[in-house]
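Novice: So that we are looking at the same thing, I have put the structure below in structure tokens.
Number of protein chains: 2
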Amino acid sequence: MARWEPDAQGRLQQAAMELFAERGYAEVTVAEIADRAGLTKRTFFNHFADKREVLFAGAKDFEDSVVAHLSEADSDLAPVDAALHALTRAGQGLAAYGDYARARQALIASSPELQERDLIKTASLTSAIAQALRRRGVPASTSTLAAQAATAVFTAAYGDWISDTAGDLHTRTQRSLHDLRSALSHTPDVDK
Amino acid sequence: MARWEPDAQGRLQQAAMELFAERGYAEVTVAEIADRAGLTKRTFFNHFADKREVLFAGAKDFEDSVVAHLSEADSDLAPVDAALHALTRAGQGLAAYGDYARARQALIASSPELQERDLIKTASLTSAIAQALRRRGVPASTSTLAAQAATAVFTAAYGDWISDTAGDLHTRTQRSLHDLRSALSHTPDVDK
Numbered sequence: 001m002a003r004w005e006p007d008a009q010g011r012l013q014q015a016a017m018e019l020f021a022e023r024g025y026a027e028v029t030v031a032e033i034a035d036r037a038g039l040t041k042r043t044f045f046n047h048f049a050d051k052r053e054v055l056f057a058g059a060k061d062f063e064d065s066v067v068a069h070l071s072e073a074d075s076d077l078a079p080v081d082a083a084l085h086a087l088t089r090a091g092q093g094l095a096a097y098g099d100y101a102r103a104r105q106a107l108i109a110s111s112p113e114l115q116e117r118d119l120i121k122t123a124s125l126t127s128a129i130a131q132a133l134r135r136r137g138v139p140a141s142t143s144t145l146a147a148q149a150a151t152a153v154f155t156a157a158y159g160d161w162i163s164d165t166a167g168d169l170h171t172r173t174q175r176s177l178h179d180l181r182s183a184l185s186h187t188p189d190v191d192k
Numbered sequence: 001m002a003r004w005e006p007d008a009q010g011r012l013q014q015a016a017m018e019l020f021a022e023r024g025y026a027e028v029t030v031a032e033i034a035d036r037a038g039l040t041k042r043t044f045f046n047h048f049a050d051k052r053e054v055l056f057a058g059a060k061d062f063e064d065s066v067v068a069h070l071s072e073a074d075s076d077l078a079p080v081d082a083a084l085h086a087l088t089r090a091g092q093g094l095a096a097y098g099d100y101a102r103a104r105q106a107l108i109a110s111s112p113e114l115q116e117r118d119l120i121k122t123a124s125l126t127s128a129i130a131q132a133l134r135r136r137g138v139p140a141s142t143s144t145l146a147a148q149a150a151t152a153v154f155t156a157a158y159g160d161w162i163s164d165t166a167g168d169l170h171t172r173t174q175r176s177l178h179d180l181r182s183a184l185s186h187t188p189d190v191d192k
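Going down the list, the sequences are from chains A and B. Heads up, the first sequence is in our numbering, so the first residue is 1 and it goes up one at a time. Heads up, the second sequence is in our numbering, so the first residue is 1 and it goes up one at a time.
And the structure:
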């Protein structure tokens, strides 16, 4: 970030959220976001690859944090538990951004192109978790499934949590994990 | 489909696969696909919304078939088992397209924009399964997790299967389901 633009990224994010709230995601241009932030379009594109990215600025940091926590998780945890431990730890810090998180989720729900970007970020997170699990010695076939299960459980819990951040992310994660386990329980072998 | 263009969709799909194999997905234009098929660009866009869709023409039929099989699955099956039963049944017919499926998977793996479209189709399938599970009386929170788990298990099994269709999709699905269960097993409550 250039020295003469203190927190340009933060100003652009705030301007974008204001404009999206006022007129809806689809109606707002990058030029308008830059203008509201008192910056140029060129500066916007120095910070974000496109308009959608302004809502996913934290995704890479979150992913890196999950991977770091996963490398430190107890080696005797089952793969899904280890991944959920890491996701929950990385997610703790997000409580401070409750209002932003709620507004952001509502925007994503309002726009197919934001939902697409969200899917891509989730796929990237899942793939990073699967890789980190393989580094813990989890077999390749299991690592992908475990990462997908953990991400699904965490996403469900996080969705509940941001609608009421008074609760505890860890507790909600355990509740969603319980839901998944019960959906997998009592298995007569599936008939052919 | 217009009467004077018998199987235009099939000709376009075949022309696209040939051209993608010859020059790579990214290098081929819609005009070239139409030309190879002896049809016009306009006809292409009557059948497919964009170049990517030519590789996902069967997705909606597959989704509808899964939902139909799910509505007929035994009512005492656990949610994930019921969803896997439906996915496996709908997937049986795909064995005849082994060569096509392999070429298609390789193309998707080669292109980020095809991977994105694949994520979107999988999300649509997952959402349709979750809805069908809710119609079976599965609670909303569990239905989404069950649909995600079933789709993940099926995708893993299907990936194995198309690399060697001599095997049996049902058996591979059960093996992936076992992998997921073991990734979820031995749970000391995750430490905070």
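The beta carbon of each residue, even a glycine, is placed where N, CA and C say it ideally should be.
1. Taking 7 Å as the cut-off, is the CB of Ala49 of chain B close to at least one heavy atom of the ligand GDP?
2. Please state whether DSSP places Gly10 of chain A in a helix, a strand or coil.
3. Just confirm the distance between the C-beta atoms of Leu107 of chain B and Phe20 of chain B, as a whole number of angstroms; I'd bet it's less than 8 Å.
4. Please compile the residues from chain B whose C-beta is within a distance smaller than 7 Å of the C-beta of Val194 of chain A.
5. Below 7 Å on C-beta distance, what does Asp123 of chain A contact in chain B?
6. Looking only at its chain, what residues have a beta carbon closer than 7 Å to the beta carbon of Leu114 of chain A, apart from the 5 residues adjacent to it on each side?
7. If the cut is a Cβ gap below 8 Å, which residues of chain B does Ser176 of chain A touch?
8. What did DSSP end up calling Leu94 of chain B once you bin it into helix, strand or coil?
9. Rounded to whole angstroms, what is the Cα-Cα separation between Leu70 of chain A and His85 of chain A?
10. At least one CB of chain B closer than 8 Å to the CB of Arg181 of chain A: is that the case?
11. Quick one: is His170 of chain B buried, meaning 16 or more other Cβ sit within 10 Å of its Cβ, or exposed?
12. What residues of chain A sit near Glu116 of chain B, judged by a beta carbon separation below 7 Å?
13. Tell me the rounded alpha-carbon separation between Glu32 of chain A and Met17 of chain A.
14. If you count every other CB in all the chains shown that lies within 10 Å of the CB of Ser176 of chain A, and 16 or more means buried, which is it?
15. DSSP three-state call for Asp64 of chain A: helix, strand or coil?
16. Using a Cβ cut-off of 9 Å, pull out every chain B residue sitting near Val66 of chain A, in sequence order please.
Specialist: Quick look at the numbers:
1. Among the ligands in the structure shown, none appear at all, so the ligand GDP cannot be discussed.
2. Here residue 10 of chain A is taken as the residue at index 10 of the first sequence, counted from 1. Gly10 of chain A: helix per DSSP, three-state reduction.
3. Counting from one through the second sequence, the residue named residue 107 of chain B turns up at place 107. Counting from one through the second sequence, the residue named residue 20 of chain B turns up at place 20. Yes, Leu107 of chain B and Phe20 of chain B are in contact; Cβ-Cβ is about 6 Å, under 8 Å.
4. This structure leaves residue 194 of chain A out entirely; chain A is present only between 1 and 192.
5. Locating residue 123 of chain A in the first sequence gives position 123, where the first residue counts as 1. According to the sequence provided, residue 123 of chain A is Ala. The question's Asp does not apply to it. The contacting residues are Leu119.
6. Translated into the one-based positions of the first sequence, residue 114 of chain A becomes position 114. Tyr25, Arg52, Leu55, Leu107 and Ile108, listed in sequence order.
7. Within the first sequence, the letter at position 176 stands for residue 176 of chain A. Residues of chain B passing the Cβ test: Ser141 and Leu145.
8. Residue 94 of chain B sits at position 94 when you count from the first residue of the second sequence. Reduced to three states, the DSSP call for Leu94 of chain B is helix.
9. If you number the first sequence from 1, residue 70 of chain A lands on position 70. If you number the first sequence from 1, residue 85 of chain A lands on position 85. Answer to the nearest angstrom: the Cα atoms are 7 Å apart.
10. Locating residue 181 of chain A in the first sequence gives position 181, counting from the first residue. Interface residue, yes.
11. As a first step, residue 170 of chain B is located in the second sequence; it is residue number 170 there, counting from the start. With 16 or more other Cβ atoms within 10 Å, it is buried.
12. Here residue 116 of chain B refers to the residue found at position 116 of the second sequence. Chain A residues near Glu116 of chain B: Glu116 and Ile120.
13. In the first sequence, residue 32 of chain A corresponds to position 32, counting from 1. In the first sequence, residue 17 of chain A corresponds to position 17, counting from 1. In a straight line, the C-alpha of Glu32 of chain A is about 12 Å away from that of Met17 of chain A.
14. Stepping through the first sequence from its first residue, residue 176 of chain A is reached at position 176. Looking at its Cβ environment, which holds 16 or more other Cβ atoms inside 10 Å, Ser176 of chain A is buried.
15. Here residue 64 of chain A refers to the residue found at position 64 of the first sequence. Asp64 of chain A: helix per DSSP, three-state reduction.
16. Indexing the first sequence from 1 puts residue 66 of chain A at position 66. Going along chain B, no residue has its Cβ under 9 Å from Val66 of chain A, so there is no contact; the nearest lies around 14 Å.
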